Amino acid sequence: MPLVHLADIVNHAHRHNYAVGAFGVANQDFLEGVMQAAEDSRAPVVLNLIASHFSGHDFDLFVPSVVAVARRAAVPVAINFDHGTSQASAVHAIAAGCNAVMVDTSMLPFSENLRQTRDIVAMAHACGITVEGELGYVPGVEGESAEEHPGELAYTSAVEAKAFVERTGVDCLAVSVGTVHGRMKGTPKLDYNRLDKIREAVDVPLVIHGGTGLSDEQFRRLISHGIAKINYYTGLADVAGRRIRENAAANTGDSYSTLMTGVREAVSEETERCIRIWGSGGRAAEVLAQCRPWQEVEHIVLYKTANETSDIEIASIMREGKAAMLTIPGVRNIRIGQALQPDGKYHYCWSVTLSSQSAIEVFQNHAAQQSFARKVFLSVATEWIALDFAEIQPPAASFTAAPVKLAARG
Numbered sequence: 213m214p215l216v217h218l219a220d221i222v223n224h225a226h227r228h229n230y231a232v233g234a235f236g237v238a239n240q241d242f243l244e245g246v247m248q249a250a251e252d253s254r255a256p257v258v259l260n261l262i263a264s265h266f267s268g269h270d271f272d273l274f275v276p277s278v279v280a281v282a283r284r285a286a287v288p289v290a291i292n293f294d295h296g297t298s299q300a301s302a303v304h305a306i307a308a309g310c311n312a313v314m315v316d317t318s319m320l321p322f323s324e325n326l327r328q329t330r331d332i333v334a335m336a337h338a339c340g341i342t343v344e345g346e347l348g349y350v351p352g353v354e355g356e357s358a359e360e361h362p363g364e365l366a367y368t369s370a371v372e373a374k375a376f377v378e379r380t381g382v383d384c385l386a387v388s389v390g391t392v393h394g395r396m397k398g399t400p401k402l403d404y405n406r407l408d409k410i411r412e413a414v415d416v417p418l419v420i421h422g423g424t425g426l427s428d429e430q431f432r433r434l435i436s437h438g439i440a441k442i443n444y445y446t447g448l449a450d451v452a453g454r455r456i457r458e459n460a461a462a463n464t465g466d467s468y469s470t471l472m473t474g475v476r477e478a479v480s481e482e483t484e485r486c487i488r489i490w491g492s493g494g495r496a497a498e499v500l501a502q503c504r505p506w507q508e509v510e511h512i513v514l515y516k517t518a519n520e521t522s523d524i525e526i527a528s529i530m531r532e533g534k535a536a537m538l539t540i541p542g543v544r545n546i547r548i549g550q551a552l553q554p555d556g557k558y559h560y561c562w563s564v565t566l567s568s569q570s571a572i573e574v575f576q577n578h579a580a581q582q583s584f585a586r587k588v589f590l591s592v593a594t595e596w597i598a599l600d601f602a603e604i605q606p607p608a609a610s611f612t613a614a615p616v617k618l619a620a621r622g
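Okay, so the sequence shown: first residue is 213 according to the working numbering, each after it adds one.
Right, here's the structure in full:
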């Protein structure tokens with residue numbers, strides 16, 4: 213199960229002077245293409261779920277696929293929710309299955325960016341979730357051209373970066389030193405001296421957004437000056453679009469499957485190229501050896517009720533409790549059940565899936581859970597038992613199996 217903490221992946225890159233790729237995965241072709249490249253290259257990888265990509269399709273349906281691919285991977289993988297728009301969006305992403313979040317409040321004044329980021333860190337860290345902050349303004353929108361979303365580039369200040377990291381507690385920091393989101397217009401002018409000063413001021417991994425359009429040498433210089441994570445999507449979208457246009461021009465058919473032939477392979481080739489430049493290839497085993505496996509936990513409550521309490525009443529109570537507790541940060545799923553052995557000791561069951569062991573305390577102390585327990589649950593439950601379970605983890609050595617080849621498109 214090499215789904216691991218993002219903080220562990222980027223901290224290894226930070227200490228060993230390379231950059232891990234956070235590749236935007238907008239659909240199944242991108243997801244499988246990125247993972248094929250990571251496994252072929254034996255590289256740790258971050259699967260980036262960019263908030264703006266999910267305006268047209270269902271985030272909650274796609275994330276389970278991402279989690280399933282990550283859990284069966286032969287390389288260390290983290291799942292990051294990128295460029296969320298609010299704390300509520302981060303809570304939603306955590307519930308869906310992400311184990312790292314980034315909410316972009318960098319366009320706000322420094323004090324407000326700091327306040328909102330600090331609140332997100334407090335919520336997410338309590339659930340065991342890694343948080344990336346952003347300071348300085350990088351023009352454009354993830355996956356789109358900067359000229360379509362203009363704004364004055366605001367460089368990150370080393371003095372403000374130090375205060376921001378210390379006062380928010382972010383695990384890594386995205387900085388603005390001259391890149392833009394999407395396709396660059398003109399030649400980027402990167403401020404390496406500024407980046408050096410930021411690196412000296414803070415002791416967390418630094419992140420670059422807007423990597424598409426940089427030369428190989430610029431990437432290498434950014435990494436040598438302290439960048440440990442690079443977000444990358446537009447370059448993948450460009451090679452995918454080029455392959456689709458080539459298929460259309462070839463007149464081999466206009467069916468969906470024909471037009472999409474080779475898209476996954478094109479994404480994989482571009483991902484592998486980036487991995488090679490950024491120096492993360494061949495590092496999977498050493499990264500995995502120092503990573504904490506990501507573990508969800510199950511909070512189980514078995515209980516019985518007084519004989520006069522009807523099944524209809526219990527079902528109503530369970531629905532009320534489920535609706536209330538699904539709003540708690542770190543709660544991923546709630547299942548409610550009735551015993552198939554009516555004469556047994558316990559009649560009913562709650563099974564609450566939590567993002568991590570840290571989230572148990574958040575759940576137990578949250579006002580929604582405590583209010584429901586006091587006002588409703590304890591009024592009908594006459595006896596109960598609560599237990600917390602985590603999956604038994606195999607030894608790390610069992611994660612080093614050869615990568616599994618993904619099936620080719622038919």
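Note that beta-carbon positions come from the ideal geometry of N, C-alpha and C, so glycine has one too. Predicted model only: the values in this text are computed from it and were never measured.
Residues sharing a beta bridge with residue i, DSSP
i           : result
residue 511 : 564, 600
residue 233 : 442
residue 294 : 262
Same chain, Cβ closer than 8 Å to residue i, five either side skipped, listed in chain order
i           : result
residue 324 : 317
residue 517 : 526, 559, 560, 592, 593, 594
residue 459 : 470, 471, 472, 473, 474
residue 571 : 338, 339, 340, 509, 541, 542, 543
residue 445 : 235, 236, 238, 260, 262, 354, 355, 424
Neighbourhood of residue i by C-beta distance below 7 Å, restricted to the same chain and skipping five residues each side
i           : result
residue 218 : 258, 290, 292, 311, 312, 342
residue 223 : 417
residue 581 : 537, 540, 575
CA-to-CA distance, residue j to residue i, given in whole angstroms
i           : j           : result
residue 512 : residue 489 : 47 Å
residue 478 : residue 463 : 19 Å
residue 278 : residue 237 : 9 Å
residue 340 : residue 541 : 11 Å
residue 400 : residue 425 : 8 Å
residue 273 : residue 280 : 12 Å
residue 226 : residue 411 : 10 Å
residue 447 : residue 235 : 10 Å
residue 443 : residue 298 : 20 Å
residue 536 : residue 549 : 17 Å
residue 409 : residue 403 : 10 Å
residue 519 : residue 563 : 23 Å
residue 228 : residue 491 : 10 Å
residue 494 : residue 584 : 50 Å
residue 381 : residue 304 : 21 Å
residue 497 : residue 378 : 32 Å
residue 283 : residue 521 : 42 Å
residue 437 : residue 597 : 54 Å
residue 239 : residue 335 : 28 Å
Under 8 Å between C-beta atoms of residue i and residue j
i           : j           : result
residue 569 : residue 507 : yes
residue 588 : residue 529 : yes
residue 231 : residue 440 : yes
residue 344 : residue 419 : yes
residue 499 : residue 256 : yes
residue 275 : residue 309 : yes
residue 387 : residue 423 : no
residue 567 : residue 306 : yes
Contacting residues, own chain, Cβ-Cβ under 6 Å from residue i (five flanking each side not counted)
i           : result
residue 245 : 476, 479, 480
residue 389 : 402, 403, 406, 407
Tell me the start and end of each unbroken alpha helix (DSSP H) in the segment 489–557 that is at least 4 residues and wholly inside, in chain order.
Correct list: 496–501, 523–537.
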